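S.K.: Here the protein sequences line up with chains A and B, keeping their order.
Here the first sequence is numbered in my numbering, starting from 164 and rising by one per residue.
Here the second sequence is numbered in my numbering, starting from 447 and rising by one per residue.
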Amino acid sequence: MTKKFVFEEAVARLEEIVDLLSRGDAPLDESLALFEEGTGLIKKCGEALDKAEQKVELLIKSPDGPVTAPFDGEDEQ
Amino acid sequence: MTVRSITVSQLNEYIKNLFASDRMLSAVCVTGELSNFKRHSSGHLYFTLKDSDAAVQAVMFRSDAARLRFSPESGMKVIVTGRVSLYPKSGQYQIYVNTMQPDGIGSLYLAFEQLKEKLYRKGLFDPAHKKALPLYPKRIAVVTSPTGAAVRDMIRILNRRYPLCDVLVCPVKVQGDGAAQEIADMLDYVNHHRLADLIITGRGGGSLEDLWAFNEEVLAEAIYRSDIPVISAVGHEPDITISDYVADARASTPSNAAEIAVKDAFELKRALGDLAFTLAKYQSDRIKAERTRLARLTQTPVMTDPRQYFTDRRLSLDVISDRLASSMRLTLERRRAQTARLAAGLDAMSPLKVLSRGYSVVTDGRGVVRSVGRLTTGGEISVRLSDGSADCTVVRVTKEQKENVS
Numbered sequence: 164m165t166k167k168f169v170f171e172e173a174v175a176r177l178e179e180i181v182d183l184l185s186r187g188d189a190p191l192d193e194s195l196a197l198f199e200e201g202t203g204l205i206k207k208c209g210e211a212l213d214k215a216e217q218k219v220e221l222l223i224k225s226p227d228g229p230v231t232a233p234f235d236g237e238d239e240q
Numbered sequence: 447m448t449v450r451s452i453t454v455s456q457l458n459e460y461i462k463n464l465f466a467s468d469r470m471l472s473a474v475c476v477t478g479e480l481s482n483f484k485r486h487s488s489g490h491l492y493f494t495l496k497d498s499d500a501a502v503q504a505v506m507f508r509s510d511a512a513r514l515r516f517s518p519e520s521g522m523k524v525i526v527t528g529r530v531s532l533y534p535k536s537g538q539y540q541i542y543v544n545t546m547q548p549d550g551i552g553s554l555y556l557a558f559e560q561l562k563e564k565l566y567r568k569g570l571f572d573p574a575h576k577k578a579l580p581l582y583p584k585r586i587a588v589v590t591s592p593t594g595a596a597v598r599d600m601i602r603i604l605n606r607r608y609p610l611c612d613v614l615v616c617p618v619k620v621q622g623d624g625a626a627q628e629i630a631d632m633l634d635y636v637n638h639h640r641l642a643d644l645i646i647t648g649r650g651g652g653s654l655e656d657l658w659a660f661n662e663e664v665l666a667e668a669i670y671r672s673d674i675p676v677i678s679a680v681g682h683e684p685d686i687t688i689s690d691y692v693a694d695a696r697a698s699t700p701s702n703a704a705e706i707a708v709k710d711a712f713e714l715k716r717a718l719g720d721l722a723f724t725l726a727k728y729q730s731d732r733i734k735a736e737r738t739r740l741a742r743l744t745q746t747p748v749m750t751d752p753r754q755y756f757t758d759r760r761l762s763l764d765v766i767s768d769r770l771a772s773s774m775r776l777t778l779e780r781r782r783a784q785t786a787r788l789a790a791g792l793d794a795m796s797p798l799k800v801l802s803r804g805y806s807v808v809t810d811g812r813g814v815v816r817s818v819g820r821l822t823t824g825g826e827i828s829v830r831l832s833d834g835s836a837d838c839t840v841v842r843v844t845k846e847q848k849e850n851v852s
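1) Distance, Cα to Cα, N544 of chain B vs E479 of chain B?
2) Consider the Cβ of K167 of chain A: report whether some Cβ of chain B lies at a distance smaller than 8 angstroms.
3) Go ahead and pull the three-state DSSP assignment for Q621 of chain B.
4) Flag K715 of chain B as yes if its beta-carbon sits less than 8 angstroms from any beta-carbon of chain A, otherwise no.
5) Mapping DSSP to helix, strand and coil, what is D685 of chain B?
6) Are the beta-carbon atoms belonging to P617 of chain B and S591 of chain B less than 8 angstroms from one another?
7) Between the region 600 to 627 of chain B and chain A, which residues of the former have a C-beta closer than 9 angstroms to a C-beta of the latter?
8) For the alpha helix (DSSP H) that P747 of chain B lies in, which residues bound it at each end?
9) Give the residues of chain B in contact with A196 of chain A, contact being defined as C-beta atoms less than 9 angstroms apart.
10) Considering only residues of the same chain and omitting the five flanking positions on each side of I180 of chain A, which have a CB-CB separation below 7 angstroms?
11) Should Q754 of chain B go down as buried or exposed, given a rule of 16 or more other Cβ atoms within 10 Å for buried?
12) Pick helix, strand or coil for L810 of chain B, following the three-state DSSP scheme.
13) Could you check how far apart the C-beta atoms of D549 of chain B and K577 of chain B are, in whole angstroms? I think they sit under 8 angstroms.
14) Is it true that the region 172 to 191 of chain A meets the region 221 to 235 of chain A, where meeting means three or more beta-carbon pairs spaced less than 8 angstroms apart?
15) What are the start and end residues of the beta strand (DSSP E) that includes C242 of chain A?
16) Could you check whether A693 of chain B and I669 of chain B sit closer than 8 angstroms to each other, using their CB atoms as the reference points?
17) What does DSSP give as the partner residue(s) for L532 of chain B in the beta ladder?
18) Helix, strand or coil: which one does DSSP assign to V851 of chain B?
19) Please list, in chain order, the residues of the region 220 to 234 of chain A that have any C-beta partner in chain B closer than 9 angstroms.
20) Starting from the C-beta of S802 of chain B, find all residues in its chain whose C-beta is less than 6 angstroms away, skip the five residues before and the five after it, and write them out in chain order.
21) State the start and end residues of the unbroken alpha helix (DSSP H) segment that holds F723 of chain B.
22) For the region 520 to 534 of chain B against the region 474 to 488 of chain B, do three or more pairs of beta-carbon atoms, one drawn from each stretch, fall closer than 8 angstroms, so that the two count as touching?
23) Compare the C-alpha of K715 of chain B against each of A:V174, A:A232 and A:L222 and name the closest.
24) Compare the C-beta of A722 of chain B against all C-beta atoms of chain A and say whether one is closer than 8 angstroms.
25) Since I180 of chain A is in the alpha helix (DSSP H), which residue starts that stretch and which ends it?
26) Along chain A, in chain order, which residues have C-beta atoms closer than 7 angstroms to that of E736 of chain B?
27) Just to confirm before moving on: does the CB-CB distance between P700 of chain B and D599 of chain B stay below 8 angstroms?
28) For a contact defined as C-beta to C-beta under 8 angstroms, what are the partners of G203 of chain A on chain B?
29) Can a CB atom of chain A be found closer than 8 angstroms to the CB of P675 of chain B?
30) Would A179 of chain A pass as an interface residue toward chain B - the criterion being a Cβ-Cβ separation below 8 angstroms?
31) With G426 of chain B and H682 of chain B assumed to form a contact (beta carbons below 8 angstroms), what rounded beta-carbon distance in angstroms separates them?
32) Under 8 angstroms, with one C-beta from each stretch per pair, do the region 740 to 760 of chain B and the region 208 to 221 of chain A reach the 3-pair mark?
33) Could you tell me which chain A residues have their CB closer than 7 angstroms to the CB of P592 of chain B, listed as they occur along the chain?
34) Would you mind telling me which residues of chain B sit closer than 7 angstroms to E216 of chain A, beta carbon to beta carbon, in chain order?
35) How would you write the range of the beta strand (DSSP E) that V588 of chain B sits in, first residue to last?
36) Using the rule of at least 16 other Cβ atoms within 10 Å of the residue's Cβ for burial, across every protein chain shown, is D192 of chain A buried or exposed?
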């Protein structure tokens, strides 16, 4: 099961890793693993930013609750 | 001559009709100061309008009063419009006011100041209540008019800066009657259905009248109530609305709101690059440190000259075995001396030793003789000395006088 990538969580984990590594007291093999995880996360974050496609929707209050429709931002009055 | 009398009612009715038929009195515009201002529970307003020399009663019915933007109070200089009529029950004439404006300053301005003061007192602007904006919002609800430049500007900038977040356009009327209520309802709706983790509400520039919805209490309360952080983005730079004061963050324009809402991906990528560099540095520092430690270990004598290590150990082994041998020896000697001492003690106890000191033992045929009573003259005894014995004959027996005769 692969967990969905969440930018905010990735950044939080990165901060944690930097903190752990900056202390320099983790066992070597552990810090090697942290380093690899960190560089992996940085790469994923960068890719996420590059590949992201913003979804823009229009809210419609339906009797059954909120639904959305694609929003065409180009229409002008 | 007979005088025809009329009733009071008829008189008042007659005068009331006079007033009504006068065109000027049916639409007057009067400047004066409010006094004895009373807001009846019915919603009607009763007050006196006066200047330094005169006063006139006035009433403003609820339907008209509801349209007031500001709160009239005694002492306020106002301009009213209305008609003059008679109140038949008291015979007093009064002004039936349709509209009221503050004199000197605009009513919107006054309303703004009054509401600002009121909400400030209620704590709606309290910085302690302001919520932190999410650092990386996942979905932003843009509560504004779905048409017009403001929404397009916001979407464009959000997309350019941080395409990771989605945008939900929540369409509302942003001006005119009921706009404030509609925006407030939408804020509640977005909160109720948790449609976003950040809300931007606002509109593009316009007149003070156009922006008015964002100066209404009903919207201010909804912004205050929102659990989702709200950025207020109304009009242009100099326009400040009540919503701006209540919101968790104030943007000077809708575009500015988009900039406040999200970080710039470009900046983020640069920060990620810096972070990668930092991580690499930590890592190389760590490896360097481990290498130094390793080098220090290989330089210890045991690693550089292991034979020396064994020689040292052997030497110390020899020292230990020498110490073991000498301590063994010492123990044996100590035991030997002890044995000799015991033997000497035993020796001192020996009867032969007593004989050597000059004593002798007399025996007869029955054994050791301890008393002269056993001896008889002419009897044979044997005397044992340290180095031999002699057989003797008893010549005479003398019993010592001090002794009791046995």
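Glycine is no exception: its CB is placed at the ideal position from the N, C-alpha and C atoms.
Predicted, not measured: the structure shown is a model, and the values here were computed from it.
M.R.: In this structure, then:
1) Each residue's alpha carbon lies about 16 angstroms from the other.
2) So, not an interface residue.
3) In the three-state scheme derived from DSSP, where H, G and I count as helix and E and B as strand, Q621 of chain B is classed as coil.
4) By this cut-off, K715 of chain B is an interface position.
5) Residue state, collapsed to three classes: coil.
6) With contacts defined as CB atoms closer than 8 angstroms, P617 of chain B and S591 of chain B qualify as a contacting pair.
7) Of all residues in the region 600 to 627 of chain B, only I601, R602, L604, N605, Y608, P609, L610, C611, D612, V613, L614, V615, C616 and P617 place a beta-carbon less than 9 angstroms from a beta-carbon of chain A.
8) Segment P747 to T750, the alpha helix (DSSP H) holding P747 of chain B.
9) At a beta-carbon threshold of 9 angstroms, none of the residues of chain B lie near A196 of chain A; the nearest stands roughly 11 angstroms away.
10) If we look at I180 of chain A and ignore the five residues flanking it on each side, its Cβ neighbours are L197, E200 and G201.
11) Under this definition Q754 of chain B is an exposed residue.
12) Checking the sequence shown, residue 810 of chain B turns out to be Asp, not Leu. In this structure, D810 of chain B counts as strand in the three-state DSSP scheme.
13) Not confirmed; about 41 angstroms, so no contact.
14) The way I'd put it, the region 172 to 191 of chain A doesn't touch the region 221 to 235 of chain A; fewer than three beta-carbon pairs between them come closer than 8 angstroms.
15) Beyond the ends of chain A as shown, which are 164 and 240, falls residue 242 of chain A; an answer cannot be given.
16) With contacts defined by Cβ atoms closer than 8 angstroms, I669 of chain B and A693 of chain B form a contacting pair.
17) Looking at the DSSP assignment, L532 of chain B forms a beta bridge with B:Y539.
18) Legend: pLDDT at V851 of chain B = 47, less than 50; position of this residue unreliable, value from coordinates given subsequently. In the structure shown, V851 of chain B falls within a coil segment according to DSSP collapsed to helix, strand and coil.
19) Within the region 220 to 234 of chain A, the qualifying residues are E220, L221, L222, I223, K224, G228, P229, T231 and F234.
20) Contacts found: S832.
21) Counting along the chain, the unbroken alpha helix (DSSP H) around F723 of chain B starts and ends at A711 to T744.
22) Touching, yes, given that three or more Cβ pairs across the two stretches are closer than 8 angstroms.
23) If we check each option's Cα against that of K715 of chain B, A:V174 comes out closest.
24) Taking Cβ atoms only, chain A reaches closer than 8 angstroms to A722 of chain B, which makes this a yes.
25) Its alpha helix (DSSP H) spans residues F170 to R186.
26) Within 7 angstroms Cβ-Cβ: L191.
27) Contact flag set, yes.
28) The contacting residues do not exist; G203 of chain A stays about 11 angstroms from chain B at best.
29) It does not; no Cβ of chain A falls within 8 angstroms.
30) One point to set straight first is that residue 179 of chain A is Glu, not Ala, in the sequence displayed. No, its Cβ sits nowhere closer than 8 angstroms to a Cβ of chain B.
31) With chain B covering only 447 through 852, there is no way to say anything about residue 426 of chain B.
32) Cβ pair count under 8 angstroms is below three, so no.
33) Per Cβ cutoff of 7 angstroms: L221.
34) Here the neighbours are P609.
35) Start and end: R585 to T590.
36) D192 of chain A comes out exposed.
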